[in-house]
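Undergrad: The opening residue of the sequence shown carries number 6 in this note's numbering; numbering runs sequentially from there. Quick reminder that beta carbons are idealized off the backbone N, C-alpha and C, glycines included.
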Amino acid sequence: MKQLRVGMIGYKFMGKAHSNAYRSLPMFFPQAALKPQMTAICGRNEAAVQEAAAQFGWQESVTDWRELVARDDIDLIDINAPSDAHKEIALAAAKAGKHIFCEKPLALSLADSREMLEAAEAAGILHMVGFNYRFSPAVQLVKKLVDSGRLGKIYHFRAWFLQDWILDPEFPLVWRLQKEIAGSGSHGDLGAHLIDLAHYLVGDMQEVIGMSETFVKERPLASTMTGLSARASADAPKGPVTVDDATLFLARFGNGALGSFEATRFAAGHRSTNAFEINGSLGSVRFDFERMNELDVYFTSDGEDVQGFRRVLATDPAHAYSEAWWPPGHTIGFEHTFTHEMLELSNAVSEGRQPVPNFRDGVKCQAVLEAVERSIDERRWIQISEM
Ligand SMILES: NC(=O)c1ccc[n+]([C@@H]2O[C@H](COP(=O)([O-])OP(=O)(O)OC[C@H]3O[C@@H](n4cnc5c(N)ncnc54)[C@H](O)[C@@H]3O)[C@@H](O)[C@H]2O)c1
6 MKQLRVGMIG YKFMGKAHSN AYRSLPMFFP QAALKPQMTA ICGRNEAAVQ EAAAQFGWQE
66 SVTDWRELVA RDDIDLIDIN APSDAHKEIA LAAAKAGKHI FCEKPLALSL ADSREMLEAA
126 EAAGILHMVG FNYRFSPAVQ LVKKLVDSGR LGKIYHFRAW FLQDWILDPE FPLVWRLQKE
186 IAGSGSHGDL GAHLIDLAHY LVGDMQEVIG MSETFVKERP LASTMTGLSA RASADAPKGP
246 VTVDDATLFL ARFGNGALGS FEATRFAAGH RSTNAFEING SLGSVRFDFE RMNELDVYFT
306 SDGEDVQGFR RVLATDPAHA YSEAWWPPGH TIGFEHTFTH EMLELSNAVS EGRQPVPNFR
366 DGVKCQAVLE AVERSIDERR WIQISEM
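1) Would K92 be called buried (16 or more neighbouring beta carbons within 10 Å of its own) or exposed?
2) Taking Q64 as part of the alpha helix (DSSP H), name the residues at either end of that continuous run.
3) Is the stretch 315–324 close to the stretch 142–153, with three or more CB pairs under 8 Å?
4) Apply the 10 Å Cβ neighbour rule to W4 and answer buried if 16 or more other Cβ atoms are within range, or exposed otherwise.
5) Would you report the Cα separation of I82 and A272, rounded to the nearest angstrom?
6) How should M210 be labelled, buried or exposed, when 16 other C-beta atoms within 10 angstroms of its C-beta is the threshold for buried?
7) Give me the Cα-Cα distance between E378 and Q8, rounded to the nearest whole angstrom.
8) Measuring alpha carbon to alpha carbon, tell me which residue in A241, F292, I130 is nearest F176.
9) Give a single yes or no on whether E51 has its beta carbon closer than 8 Å to a heavy atom of ligand 1.
10) Between which residues of its own chain and I387 is the CB-CB distance below 8 Å, once the five residues before and five after are set aside?
11) Would you kindly report the start and end of the unbroken alpha helix (DSSP H) that includes L206?
12) Under 6 Å Cβ to Cβ from S29, same chain only, skipping five residues before and after it: list those, please.
13) Comparing C-alpha positions only, which one of F292, A251, I46 sits nearest to K21?
14) How is the beta strand (DSSP E) around V302 delimited, first residue to last?
15) Applying the 10 Å Cβ sphere with the 16-neighbour rule, what's the burial state of S217?
16) Along the chain, where does the alpha helix (DSSP H) containing I214 start, and where does it finish?
17) If we call anything under 9 Å between Cβ atoms a contact, is L113 one with D89?
18) Would DSSP call V317 helix, strand or coil?
19) Give the DSSP-derived three-state secondary structure of M392 in the structure shown.
20) With the cut-off set at 9 Å, would you say A367 and P110 are in Cβ contact?
21) Who are the near neighbours of A26 in its chain, counting only those whose CB is closer than 6 Å to its CB and skipping five residues on each side?
22) What do you reckon, is the C-beta of H198 under 8 Å from a heavy atom of ligand 1?
23) Under the criterion of a Cβ to heavy atom distance below 8 Å, does I14 qualify as lining ligand 1?
24) May I ask you to report which of helix, strand or coil DSSP gives D240?
25) From V179 to Q168, what distance separates their C-alpha atoms?
26) What residue does the alpha helix (DSSP H) around E383 start on, and which one ends it?
27) Can you tell me which of A203, V54, H132 puts its alpha carbon nearest to the alpha carbon of K148?
28) Ordered along the chain, which non-local residues of its own chain (more than five positions away) have a Cβ less than 6 Å from that of L96?
29) Taking C-alpha atoms, which residue in A262, A75, N50 lies nearest to S66?
30) Go to H161, then tell me how far its beta strand (DSSP E) extends in each direction, as first and last residue.
31) Taking the alpha-carbon positions, what's the V221 to S189 distance?
32) With 16 as the cutoff for other CB atoms within 10 Å, does N279 come out buried or exposed?
33) Can you tell me whether D78 is helix, strand or coil according to DSSP?
34) Can you check DSSP and say which residues form a bridge with H345?
35) Quick check on the DSSP output: the alpha helix (DSSP H) that includes R119 runs from which residue to which?
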C-alpha cells in the first residue's frame, strides 16, 4: 500500500478524532488506495504536543506549523486548529504544494473561504473539508433514497442540532464563544453541519431568513481557552460573548423544497442531537445522530393497513461502509464517520481527483451562513446569489 504522509495541526478534540481515523483506516479498509503515515503533529505547547504524539501514534511532534508546511516529507496538511487559523495555514500549505484536509467551518468569513478555494485551485492541490456527518451509513442511505427517487419530490428538509454545554452562565468564555476566533457560535459550529447535509441531500438553497440570540452576554474568562469542558475560577473577571447562542433560519431550495434549521447550545437535556427529517411525495425519512445506526423510513406505497415509520438498522452489507466493520447489528459510532472521511480522502488523492466534500462545499456552506447573518442584520430575506 502506498503512503500518504500527513502533517497535522491541533491535537485536541478533532486532532484525536482524525488521528484515530488515520490509524483505523488501513486496518478496516485495507482496500484504501493510500495508507496514512502519521509523520508529524503540531501544537504550540511542546510538552503537550509530545504527549499527544506518543498517545495518538505520531512519529514526531513540532511546535511551528510553518515548519511543518515547508517539509518535503509531507503530502497532506490536516488542519484541526480553531477556525481563525484555517486560512493562514491553508494558504501556506497550498503555496507549498501540499494537499489539505481542513475542519469546518472552512473559514471565518465567505471572503476568506473563497480566498482559500482560489489559492487551492491556483496551486492545483487537492482539498477536503470536514463535514463528517455525510459519512454516516444511515445518511448515505438517505442520499440513496433521495437520488433514486424513492422519496419522490422533496417538499421539506427540517433540521435541528441541539446541544446544552453552555447552559450554565458560569461556563467560561472559551474560544468557541469569541467571534474573532470562531467566526460565529452555534450557527457556524452546528448549523454548518446541517447546511452541508441539506446541500448534500436536497440541493442548493435560493434564499434564507433567520433569527438569533445570545442569551448569556458575559462569561468568566477561561483559565484554559480550549476544550468543551473548560472551567473558570470562581472569581474570574468576565468578558463579552460575541457569538450567537442560538440561530434559527428558514430556506427555500432551488428545487422548490422548503427548509427549516435550528442550531442551539441552550437546549437543556440535548447533549448533541443532530437530527433531520425529509418529507417527499412518496415518503419520509427521520435521522438523529444520537441514534446514528438507525433510520426511520416511511413509504406511501406500503399497504394501508401497515403504513407507518419503520426503523431500519443501517448495519447490513446493503449499507455503506458497514461490511468493513462488524456483523449486522453490531453498531458503529461518531469516530467511524472520520474513518470513512479518510477513506474518501485517501482514494481521491490516489486517483488525483478532488475529494468530496471539498473547499467548494465549504464555500457554499459559508455563503449560506453569511446570508443568514445578513438576513438577521437587515431583517429581510437574502438571496444566496447576492452573496
Ligand atoms: N467535524 C466535527 O464534527 C467537528 C467537531 C468539533 C470541532 N470541529 C472543528 O475543528 C476545529 C478544531 O476544533 P476542536 O474542537 O478540535 O478544538 P480544540 O480546542 O479541542 O483543539 C484545537 C487545537 O488547535 C491547537 N491550536 C490552536 N491554535 C493553534 C496554532 N496557532 N498553531 C497550532 N495549533 C493550534 C490547540 O492547541 C488545540 O490542540 C474547529 O474549526 C472546529 O469548528 C469539527
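TA: With the given structure in hand:
1) buried
2) Element bounds for Q64: n/a, residue is neither H nor E.
3) yes
4) What is shown of the chain runs 6 to 392, which leaves residue 4 out entirely.
5) 35 Å
6) buried
7) 42 Å
8) A241
9) no
10) E212, V213, I214, A376, V377, R379, S380
11) 197–206
12) T344
13) I46
14) 299–304
15) buried
16) First-last for I214: 210–218, but that is the beta strand (DSSP E), not the alpha helix (DSSP H).
17) yes
18) strand
19) coil
20) Contrary to the premise, residue 367 reads as Gly rather than Ala in this sequence. Cβ atoms of G367 and P110: closer than 9 Å.
21) F343, T344, M347
22) yes
23) yes
24) coil
25) 16 Å
26) 364–383
27) A203
28) A124
29) N50
30) 159–167
31) 15 Å
32) buried
33) coil
34) Paired residue(s): none; H345 is not in a bridge.
35) 115–128
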